[in-house]
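To start, the structure itself, in structure tokens.
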Amino acid sequence: MKAKIVYVCQECGAQAPKWLGRCADCGAWNSLVEERPVPVGAGAGAAAGAAAERYALAATSGPRLYAEIDTVVAERLSTGIGEFDRVLGGGVVPGSLVLIGGEPGIGKSTLLLQAAAHFAHAIGPVLYSSGEESEHQIKSRGQRLGVAAAPLYLLAETCLERILEEIARLRPRFVIVDSVQTVFSLKFQSAPGSVGQVREAATQLLFAAKGQNIPTFLVGHVTKDGSLAGPKVLEHIVDTVLYFEGEKHHSHRVVRAVKNRFGAISELGVFEMTGQGLRAVPNPSQLFLAERPANAPGSAVLCCVEGSRPLLVEVQALVSTSSYGNARRMASGLDQNRLSLLLAVLEKRAGLNLMAEDVFVNVAGGMSIEEPAADLAVVAAVASSVRNRPIKPGTAVFGEVGLAGEVRGTTQASLRVKEAGQLGFTRVVMPEANIVPGEAPDGCELVGVRSVTEALDQMMEW
Ligand code: TYD
Ligand code: MG
959 MKAKIVYVCQ ECGAQAPKWL GRCADCGAWN SLVEERPVPV GAGAGAAAGA AAERYALAAT
1019 SGPRLYAEID TVVAERLSTG IGEFDRVLGG GVVPGSLVLI GGEPGIGKST LLLQAAAHFA
1079 HAIGPVLYSS GEESEHQIKS RGQRLGVAAA PLYLLAETCL ERILEEIARL RPRFVIVDSV
1139 QTVFSLKFQS APGSVGQVRE AATQLLFAAK GQNIPTFLVG HVTKDGSLAG PKVLEHIVDT
1199 VLYFEGEKHH SHRVVRAVKN RFGAISELGV FEMTGQGLRA VPNPSQLFLA ERPANAPGSA
1259 VLCCVEGSRP LLVEVQALVS TSSYGNARRM ASGLDQNRLS LLLAVLEKRA GLNLMAEDVF
1319 VNVAGGMSIE EPAADLAVVA AVASSVRNRP IKPGTAVFGE VGLAGEVRGT TQASLRVKEA
1379 GQLGFTRVVM PEANIVPGEA PDGCELVGVR SVTEALDQMM EW
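All residue numbers for the sequence shown refer to the numbering used here, where the first residue is 959 and numbers rise by one.
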């Protein structure tokens, strides 16, 4: 019997019986790739059976009463790197599958090797399987990181079945598969990195992780447009998705949890790349504010909250007369549309004339901020640049700005205020609605404002 061929979209995983130039599901062009599934019975069915067997959770029988189920407090295993534990929600959960993505060269392998070394030392054997580097390359990196003798096993392998075999044989306490895109299963004929292969690899490793209670970390590559390469499907399979952010040209790296079944999302871990690998930065606000120019117009300090962590960052704006017909608006680290909206509010409600001006706004240090509490800092930085007046020294700011020019309350205000106080800021300009009497830290004045004009008056001399 002729094997049936299907064409699978590498972007979304949709299948089509014949090749199409454009995926009918997600609309991506030229994304369909030929795949030959293994005939049912011989492979797929049996494999599914075996998989279910391996997957301990699937073996539980029938529904159970909620009240009768014991609460299990999952112990957390420390990676030995405080910031890494933090993004994971307090350490590694046994049996969890974690995907860690990021651009090439940003430090994924470095971080995982450091964690692996600690694990091997403190907890038990670790298997580090790499399809990208040889054992020697990993070893030389390890020497740079000062990895001492420990039961850390390196495996340069790309065949999924071989990796699973070694996991079953070694029974490690921790598994790392460096780049899930290099792994291929013998059951599929498509190339490594295709949707079918990556999904199969992740699913089989999931069964292994859950069945044998081994925490497993997968490294995932990121495509040019910044999404985890090819398979969105991966994000659904794994328990936790971590993302390396930040620029390669800066020494610090930010790891963010974008999905976490065992902790808060948006949780941040901040690291610094040094000659001896990644080092945790316990007080990132200091790092982000380190190079802030004193008394420069166009610079505002924002108290933002990422996950459960308050963070002070500098928002910079530069407003200069546009020499061409249409003014440019550029935002880096912020949403472009949000910037346009805030500029419109400034024009209409605060009487600033920005029509013929180029506006550039940047979050210093390569951070990206999504929360609306950043609005007031953006508005302040832009106004400060337009008027060429610095914001009063020692002032930090946060608050959401509405279309009527009103300043709205935000979440976790007390957390933000506390962080500003700890870093020695003497004034916080914030939404009136968030002021709680008696909450001001020592030596720090809280200034509640209701509107953008009021906020600008409080922050700048005219
Ligand atoms: P790497 O972990 O190989 O990146 P990824 O696995 O995400 O592709 O990171 C490599 C970069 O980090 C490389 O450019 C060199 C740098 N580096 C250091 O600066 N110090 C170190 O101790 C190590 C191991 C790497
Ligand atoms: Mg790598």
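All residues carry an ideal CB built from backbone N, CA and C; glycine is no exception. Computed from a predicted model, the values in this text were never measured in an experiment.
Selection around ligand 1 by beta-carbon proximity, strictly under 6 Å to any non-hydrogen atom, yields G1060, P1062, G1063, I1064, G1065, K1066, S1067, T1068, R1099, R1102, L1103, M1231, G1233, Q1234 and G1235 in chain order. Comparing alpha-carbon positions, the option among L1192, L1414, Q1380 and N1253 lying closest to N1241 turns out to be Q1380. Taking C-beta atoms under 8 Å as the contact rule, L1226 and E1272 fail to qualify, at a distance of about 16 Å. The beta carbon of S1054 lies closer than 8 Å to those of A1167, P1173, T1174, D1197, T1198, R1219 and F1220 in the same chain, with the five residues before and after it left out. In the DSSP assignment, Q1095 falls within the alpha helix (DSSP H) that extends over E1093 to L1103. DSSP places I1134 inside the beta strand (DSSP E), whose first and last residues are F1132 to D1136. Contact annotation: F1356 and L1247 have beta-carbon atoms that are not nearer than 8 Å. A contact is defined here as three or more CB-CB pairs under 8 Å, and the segment 1080-1092 meets this definition with respect to the segment 1120-1135. The nearest non-hydrogen atom of ligand 2 is less than 7 Å from the C-beta of D1136. Within 10 angstroms of the beta-carbon of T1369 lie fewer than 16 other beta-carbons, which makes it exposed.
For E1203, the enclosing beta strand (DSSP E) covers residues T1198 to E1203.
C-alpha of V1191 to C-alpha of A1362: approximately 42 Å in a straight line. Within the same chain, Cβ atoms closer than 6 Å to the Cβ of L1312 are found at L1301 and E1305, the five residues on either side in sequence being excluded. In this structure G1256 does not touch S1326 by the C-beta definition: roughly 19 Å separates them, more than the 8 Å allowed. Placement of the Cβ of E1090 at a distance of less than 7 Å from at least one heavy atom of ligand 2 is found.
Beta-bridge partners assigned by DSSP to E1041: none are found.
According to DSSP, residue pairing for C981 in a beta bridge does not occur.
Below 8 Å, enough C-beta pairs join the segment 1109-1128 and the segment 1064-1080 to call them touching: three or more. By the 16-neighbour rule on beta-carbons within 10 angstroms, L1144 is exposed.
Annotated as distal: R1250 and F1229, with beta-carbon spacing of 8 Å or more.
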